[in-house]
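Report on one structure; see the data block that follows.
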Amino acid sequence: MKKILIVDDLHPVFKEEATAMGYQVDDEPQITREETLARIKDYVGIAVRTKFRIDKALFDAAVNLKFVARAGAGLDNIDDNIAFERNIELINAPEGNCDAVGEHATGLLLSLMNNFRKADIEIRNGVWDREGNRGYELKGKKVGIIGYGFMGQSFAKKLAGFEVDVMAYDKYKTGFSDAFAREVSMEEIVKFSDVLSLHIPLTAETRQMVNDEYFFHFKKPIFFINTARGEIVGTPAVLNAIKSGKVLGAGLDVLQTEKFPALGEQTWYQELAANPKVILTPHVGGWTFDSYRKISEVLAEKLKGMNF
Numbered sequence: 001m002k003k004i005l006i007v008d009d010l011h012p013v014f015k016e017e018a019t020a021m022g023y024q025v026d027d028e029p030q031i032t033r034e035e036t037l038a039r040i041k042d043y044v045g046i047a048v049r050t051k052f053r054i055d056k057a058l059f060d061a062a063v064n065l066k067f068v069a070r071a072g073a074g075l076d077n078i079d080d081n082i083a084f085e086r087n088i089e090l091i092n093a094p095e096g097n098c099d100a101v102g103e104h105a106t107g108l109l110l111s112l113m114n115n116f117r118k119a120d121i122e123i124r125n126g127v128w129d130r131e132g133n134r135g136y137e138l139k140g141k142k143v144g145i146i147g148y149g150f151m152g153q154s155f156a157k158k159l160a161g162f163e164v165d166v167m168a169y170d171k172y173k174t175g176f177s178d179a180f181a182r183e184v185s186m187e188e189i190v191k192f193s194d195v196l197s198l199h200i201p202l203t204a205e206t207r208q209m210v211n212d213e214y215f216f217h218f219k220k221p222i223f224f225i226n227t228a229r230g231e232i233v234g235t236p237a238v239l240n241a242i243k244s245g246k247v248l249g250a251g252l253d254v255l256q257t258e259k260f261p262a263l264g265e266q267t268w269y270q271e272l273a274a275n276p277k278v279i280l281t282p283h284v285g286g287w288t289f290d291s292y293r294k295i296s297e298v299l300a301e302k303l304k305g306m307n308f
């Protein structure tokens, strides 16, 4: 019987659907990488979320592997070059958490523009400051989206009721203007944006793409949102841009270094944590109670279309 090893926390619906397709599914979210390396030779499929990297060592051990199911959108924790060389299929589920990401990005933006975090902290500490917490309206603003895949499109749709001008740039797509966004050049993004939101994958090309020079080119002060991948953005550059007035506020669901204690050891962490113009969330933009199930449903549906 064809076997699938689940090494991470996936909704049970994936196992249920895969079992109905005739697979034997071993659901072991507590399994270690070392244990996986020892056992993976017996499996045609592995399902992972973020637990560990699917790299050459694992591919070498997985002599019968036919596919990797990534429970999420990005494939940056999988060595896709080796997978391609060995004809191993990669399936992911951006359709499953794009709504979660779009809503999270919208929430971050509204919180920044209306000083929700600052106002909440002040009131809890006995300060009632209306003038100091006066915000901005989204209506009439120009929102720049970098990357117009599932995530970028979702964010654009969520903004539809705010009467904003949504501009989208995607280096790898053309002719994608729709009812929610209009395709523009990068030059238009940097010239006109009041808001900038990233929705691109982490690649060799995008790693540390957003640096001091990147922010320098923007003509207007912007609100900056990153719900994509932390390694795309140099955190010190965000802090510098806030100091210079280039960035009015930053909503960061992802950081170039994540999880403690590593995050707390970064030279920029204390400044980031103390900055009132930054809202931080722990990489949960695409991780809702709803997306938890939808991601597994999408993976199961894609598995049905495969012939292993």
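Residues 1 to 308 (the UniProt record's numbering) are what the sequence shown spells out, left to right.
Just so you know, even glycine gets a beta-carbon here, dropped at the ideal spot from N, CA and C.
Here the structure is a predicted model, which is why all the values come from computation and not from measurement.
Problem set entry | Sequence-distant residues of the same chain with beta carbon closer than 8 Å to Arg-53, five excluded per side | Along the sequence shown, read from residue 1 onward, the residue named residue 53 stands at position 53. So the list reads Asn-77, Ile-78 and Asp-79, once near-sequence residues are dropped.
Exercise. Can the beta-carbon of Gly-147 be found less than 8 Å from the beta-carbon of Asp-170?
Worked result: Here residue 147 is taken as the residue at index 147 of the sequence shown, counted from 1. Here residue 170 is taken as the residue at index 170 of the sequence shown, counted from 1. A contact, by the Cβ cut-off of 8 Å.
Problem set entry | Extent of the continuous beta strand (DSSP E) to which Ser-197 belongs | In the sequence shown, the residue the question calls residue 197 occupies position 197. Run containing Ser-197: 195 to 198, per the beta strand (DSSP E) assignment.
Exercise. Fully enclosed by the region 211 to 275, which alpha helix (DSSP H) runs are 4 residues long or longer?
Worked result: Given a length threshold of 4 residues, each whole run of the alpha helix (DSSP H) inside the region 211 to 275 is given here in chain order: 212 to 216, 235 to 244 and 269 to 274.
Exercise. Is it a yes or a no for the region 97 to 107 touching the region 120 to 135, going by three-plus beta-carbon pairs under 8 Å?
Worked result: The count of Cβ pairs closer than 8 Å, one atom from the region 97 to 107 and one from the region 120 to 135, stays below three, leaving the stretches out of contact.
Problem set entry | Close beta carbons around Thr-288, own chain, < 6 Å, minus the five adjacent residues each side | Numbered from its first residue, the sequence shown carries residue 288 at position 288. Excluding residues within five positions, the ones whose Cβ falls inside 6 Å are Ala-100.
For this session: Give the secondary structure of Gly-107 by DSSP, where H, G and I count as helix, E and B as strand, and everything else as coil.
Result: The residue you call residue 107 lines up with position 107 of the sequence shown. Gly-107: helix per DSSP, three-state reduction.
For this session: State the DSSP-derived secondary structure class of Arg-70, mapped to helix, strand or coil.
Result: The sequence position of residue 70 within the sequence shown is 70, counting from 1. Strand.
Problem set entry | Beta-bridge pairing of Gly-152 - partner residues as DSSP gives them | The residue given as residue 152 occupies position 152 in the sequence shown. In the DSSP assignment, Gly-152 forms no beta bridge with any residue.
Problem set entry | Integer Cβ distance of Ser-193 from Ile-222, believed to fall under 8 Å | Your numbering for residue 193 matches position 193 in the sequence shown. Your numbering for residue 222 matches position 222 in the sequence shown. Taking 8 Å as the upper bound for CB-CB distance, Ser-193 and Ile-222 are in contact here, some 6 Å apart.
Problem set entry | Same chain, Cβ closer than 6 Å to Asp-165, five either side skipped, listed in chain order | The residue you call residue 165 lines up with position 165 of the sequence shown. Once the five neighbours on either side are set aside, the close Cβ partners of Asp-165 are Lys-142.
Exercise. Which residues mark the beginning and the end of the beta strand (DSSP E) in which Ile-91 is found?
Worked result: Stepping through the sequence shown from its first residue, residue 91 is reached at position 91. Unbroken beta strand (DSSP E) run through Ile-91: 89 to 91.
Exercise. Would Ile-91 pass as a contact of Ala-61 if the rule is Cβ separation under 8 Å?
Worked result: Mapped onto the sequence shown, residue 91 falls at position 91. Mapped onto the sequence shown, residue 61 falls at position 61. Result no, Cβ atoms of Ile-91 and Ala-61 do not sit closer than 8 Å.
For this session: Just list the beta strand (DSSP E) runs in the region 31 to 79, keeping only unbroken ones of 3 residues or longer that don't cross its boundaries, in chain order.
Result: Listed in chain order, the complete beta strand (DSSP E) runs (minimum 3 residues) inside the region 31 to 79 are 45 to 48 and 67 to 70.
For this session: Check whether the Cβ atoms of Ala-83 and Leu-299 sit closer than 8 Å, and answer yes or no.
Result: The residue labelled residue 83 in the question sits at position 83 within the sequence shown. The residue labelled residue 299 in the question sits at position 299 within the sequence shown. No.
Exercise. Just checking, does the region 69 to 76 make contact with the region 43 to 59 on the three C-beta pairs under 8 Å criterion?
Worked result: With a cut-off of 8 Å on Cβ pairs, the region 69 to 76 is in contact with the region 43 to 59, counting three or more such pairs.
Exercise. Looking at the unbroken alpha helix (DSSP H) that takes in residue 309, where does it start and where does it end?
Worked result: An answer regarding residue 309 cannot be provided, because it is not within the stretch 1 to 308 covered by the chain.
For this session: Sort Gly-251, Gly-45 and Gln-24 by Cα distance to Met-306 and report the nearest one.
Result: To locate residue 306, count along the sequence shown from 1; it is residue 306. Put simply, of Gly-251, Gly-45 and Gln-24 the residue whose alpha carbon is nearest the alpha carbon of Met-306 is Gly-45.
For this session: Between the Cα of Lys-2 and those of Arg-117, Phe-150, Leu-198 and Met-21, spot the shortest distance and give me the residue it belongs to.
Result: As a position in the sequence shown, residue 2 is number 2, starting the count at 1. Closest option to Lys-2, judged by alpha-carbon separation, among Arg-117, Phe-150, Leu-198 and Met-21: Met-21.
Problem set entry | For Phe-59 and Ala-105, the rounded distance between their alpha carbons | Taking the sequence shown and counting its residues from 1, one reaches residue 105 at position 105. Taking the sequence shown and counting its residues from 1, one reaches residue 59 at position 59. If you take the alpha carbons of Ala-105 and Phe-59, they lie about 35 Å apart.
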